[in-house]
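Participant: Let me give you the structure first, and then I'll get to my questions.
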Amino acid sequence: MTRTVHELDRSPDVRAALADPHLVPELPPVDEGRGRHPLLEPGESSGRGASVAWLRASVSRFCSGESHARRRALVEAELRRVDPAELRRAVAVGPDAVGEEVRIRVVRTLAEALGLPEPQAVAEAVAVVAGVYFGGTDPAADAAVAELVELLAGEAGGEDELEVVASRICLLVQACEATAALVRHAAAGAAASATAAAPDRPVGELLAETLRRDPPVRVMRRVAISGTQVAGREIAEGDVVVLDIVAASREDRVGPGGAARAAGGSAQLPPGSEVPLAFGAPPRECPGREHALGLAAGLLEREPRTAFARLHHRDAPLLLPNAWDHASAAALVADGFEAVGTTSLGVAAAAGLPDGAAATAAATVALARQLGDGGLLFTVDAEGGFSDDPGRVAELARQLWAAGAAGINIEDGREDGALSPVELHMAKIAAIKAAVPGLFVNARTDTYWLGCRQAETERRLAAYQQAGADGVFVPGLSDPAGIGALAARLDVPLNILYTPAGPTVSELAALGVRRVSLGSLLYRTALGAAVAAARAVRDGRDPAHFTGAAPSYAEVQAFSAPGEG
């Protein structure tokens, strides 16, 4: 029979086609000899005979009418047991497995939330099935379906129970591919739009834009089970309708009630968003859209979301030189360093003030404004936040962010040589992240400098991670074994202070360190070089012999901030 193919790409036409009961999903091709609706034979164990073809024939995705309504109800019942907000939290804070794919994490988190046995094994099997679920065949996928049936079905394995099992597998398979693709597309969009120190958009806004501009579901196909009319076209029984979701999504606009429908009682998408076409439309609107958005949002929150944060997630650590004024920062950037930090000692000493005494808040903010005006990528050493009031520390963070800072380094060491209470430092970190989510918080502990060693260090770093720190800093730790052991236990990048007597940068990289700071080394070296040059001139010797070649007057002038002479 000759079948006409109709292509629709306008949003109203696509939505009309999705709502037309005469147009139903097309069942993908199946293996020859398996039949269109293969089922387990009576008396077989729950695993034997299961295949991808059996799965397709047993789920709501590829059926219509009464069977679709019944099977959709099974999926909805499963989803009612899972809170999307809890999914978002679980996938965001769960531990990383080395080399784990996004889709494995998605499925494992959802399987755990559903209370399924052996979530890791379920996730690995689902990933195999997902590769051919929407078309194609693979003996490994058939074996994975059989494994999933064995894991998820009870002893009886009756037809009703197998339909429930099929609905669970279907739910996991669709979450596997679509949610992982949504995260990939959103992350790529965020990376493409990010500037050096600018924040990425809020997660909800990013997801809404991704679903409109680059949805994970790009094409939907429907087949006419009887004659109908869509978009002024006569569609005969057996005709195929191809729906261009990408083109239709890009012209989507807010419709009546769109904000309420998109929000669905949660805050995954911003108010005013139409329900994205990637989630279908009634009567087949995806029942798990809020769960998918929760998983995607949680995964995106795990990702480094600014250019500065991404510098901490590479094979080579970020070597961060620390500047004390605009010229020193500009000179370092001109020499090829990707980012700079400030040094609290250098800023304080240059102003004639003591370091670590909360005396340089104004000077620190002023320097941040100079560096921001110069367009540099930088993070600020802010001692302990210059206050023990978390609200005032948060206000400092807002000022630094407004000035252009990409990060803040905040320490728990005190002027009197003691350590701040863990709870106080946690409160400061949490206050900063609540006030300025995009600011990279590097939480420093001075345990090694103050004589407290491994146990106290690990306790504090675990607490600071829990409070929301994006990275942790342990100056004074230089033992390779201790560095390696600590890096292996952390979920965030480890920052180590370089010391000439300690490991090299390449050795620190091999130990798992992701940021290496120079601290006050450059400032102290500059002071020493200045005195050595003056001494050499006084003694009738060439100062370059002791200090190296100095930049020219014109070169230093070129480091001036915009608008300054």
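Residues 801 to 1365 (our numbering) make up the sequence shown, in order. All residues carry an ideal CB built from backbone N, CA and C; glycine is no exception.
From the DSSP output, which residues share a beta bridge with residue 1020?
Facilitator: Looking at the DSSP output, residue 1020 sits in a beta bridge with 1043.
Participant: Give me the Cα-Cα distance between residue 1349 and residue 1360, rounded to the nearest whole angstrom.
Facilitator: Rounded to the nearest angstrom, the gap between the Cα atoms of residue 1349 and residue 1360 is 20 Å.
Participant: Is the closest heavy atom of the ligand SAH to the C-beta of residue 1249 under 8 Å?
Facilitator: As presented, the structure is devoid of all ligands, the ligand SAH included, so that no description of it is given.
Participant: My parser needs the alpha helix (DSSP H) runs of 4 or more residues fully inside the stretch 909-995; what are they?
Facilitator: You should have 919-930, 939-952, 959-974 and 980-993.
Participant: Going by DSSP, what residues sit across from residue 1142 in a beta bridge?
Facilitator: 1123
Participant: Is it true that the CB of residue 1316 sits closer than 9 Å to the CB of residue 1270?
Facilitator: With contacts defined by Cβ atoms closer than 9 Å, residue 1270 and residue 1316 do not form a contacting pair.
Participant: Kindly indicate which three-state DSSP category residue 1028 falls into: helix, strand or coil?
Facilitator: strand
Participant: Quick check on the DSSP output: the alpha helix (DSSP H) that includes residue 1093 runs from which residue to which?
Facilitator: Unbroken alpha helix (DSSP H) run through residue 1093: 1089-1102.
Participant: What three-state label does DSSP hand residue 805 in the structure shown?
Facilitator: Note: residue 805 maps to strand in three-state DSSP.
Participant: Residues in the same chain with beta-carbon distance under 7 Å from residue 881, minus the five sequence neighbours each way, listed in chain order, please.
Facilitator: 914
Participant: Would you mind stating whether residue 1025 and residue 1037 have Cβ atoms separated by less than 9 Å?
Facilitator: yes
Participant: Below 8 Å on the Cβ atoms is my contact criterion, and I expect residue 1280 with residue 1300 to pass it. Report the Cβ-Cβ distance as a whole number of Å.
Facilitator: Between residue 1300 and residue 1280 the Cβ distance is about 15 Å, and since that is not below 8 Å, they are no contact.
Participant: Among 1130, 941, 930 and 925, which residue has its Cα nearest to the Cα of residue 952?
Facilitator: 925
Participant: For residue 1106, count the other beta carbons within 10 Å of its own beta carbon; 16 or more makes it buried, fewer makes it exposed. Which is it?
Facilitator: buried
Participant: Hey, residue 811 and residue 875: beta-carbon distance below 9 Å or not?
Facilitator: no
Participant: DSSP three-state call for residue 1317: helix, strand or coil?
Facilitator: The DSSP-derived three-state label of residue 1317 is strand.
Participant: Tell me, please, whether the stretch 887-894 touches the stretch 858-878 by the rule of three or more beta-carbon pairs shorter than 8 Å.
Facilitator: The stretch 887-894, when compared against the stretch 858-878, does not touch it at the 8 Å Cβ threshold.
Participant: Which partner residues of residue 1273 appear in the DSSP bridge assignment?
Facilitator: 1244 and 1295
Participant: Once the 5 residues before and after residue 783 are set aside, which same chain residues still bring their CB inside 6 Å of it?
Facilitator: The question about residue 783 has no answer, for the chain in this structure spans 801 to 1365.
Participant: Do residue 1155 and residue 1138 have their CB atoms nearer than 9 Å?
Facilitator: no
Participant: Where does residue 1207 sit, in a helix, a strand or coil, going by DSSP?
Facilitator: strand
Participant: Tell me, please, which residues DSSP counts as bridged to residue 1366.
Facilitator: Shown here, the chain extends from 801 to 1365; a query on residue 1366 therefore has no answer.
Participant: Give me the Cβ distance between residue 986 and residue 1129, rounded to the nearest whole Å; I'm assuming they're in contact under 8 Å.
Facilitator: Not a contact, Cβ separation roughly 33 Å.
Participant: Could you check how far apart the C-beta atoms of residue 1040 and residue 1021 are, in whole angstroms? I think they sit under 8 Å.
Facilitator: 6 Å
Participant: With DSSP run on the structure shown, which of helix, strand or coil describes residue 825?
Facilitator: strand
Participant: Could you give the first and the last residue of the continuous beta strand (DSSP E) run that contains residue 1037?
Facilitator: Note, residue 1037: premise wrong, no beta strand (DSSP E); not H, not E.
Participant: Can you check DSSP and say which residues form a bridge with residue 1213?
Facilitator: 1219
Participant: Measure the CB-CB distance between residue 1152 and residue 1204 and report whether it falls below 9 Å.
Facilitator: no
Participant: Taking buried to mean at least 16 other C-beta atoms within 10 Å of its own C-beta, is residue 988 buried or exposed?
Facilitator: By the 10 Å Cβ count, residue 988 comes out exposed.
Participant: In whole angstroms, what separates the C-alpha of residue 1126 from that of residue 1249?
Facilitator: 29 Å
Participant: Report the partner residues of residue 1118 according to the DSSP bridge assignment.
Facilitator: The partner list for residue 1118 (beta bridge, DSSP) reads 1315.
Participant: For residue 948, which residues in the same chain have their Cβ closer than 6 Å to its Cβ, ignoring the five residues on either side in sequence?
Facilitator: 925 and 969
Participant: Check residue 1250 in the structure and name its three-state DSSP category.
Facilitator: In the structure shown, the three-state DSSP call for residue 1250 is coil.
Participant: Please report the Cβ distance between residue 1267 and residue 1235, rounded to the nearest whole angstrom; I am assuming they are in contact, meaning their Cβ atoms lie under 8 Å.
Facilitator: Incorrect: roughly 13 Å between the Cβ atoms, too far for contact.
Participant: If you draw a straight line from the C-alpha of residue 804 to the C-alpha of residue 935, how long is it?
Facilitator: 21 Å
Participant: Please report the straight-line C-alpha distance between residue 1109 and residue 1330, rounded to a whole angstrom.
Facilitator: 35 Å
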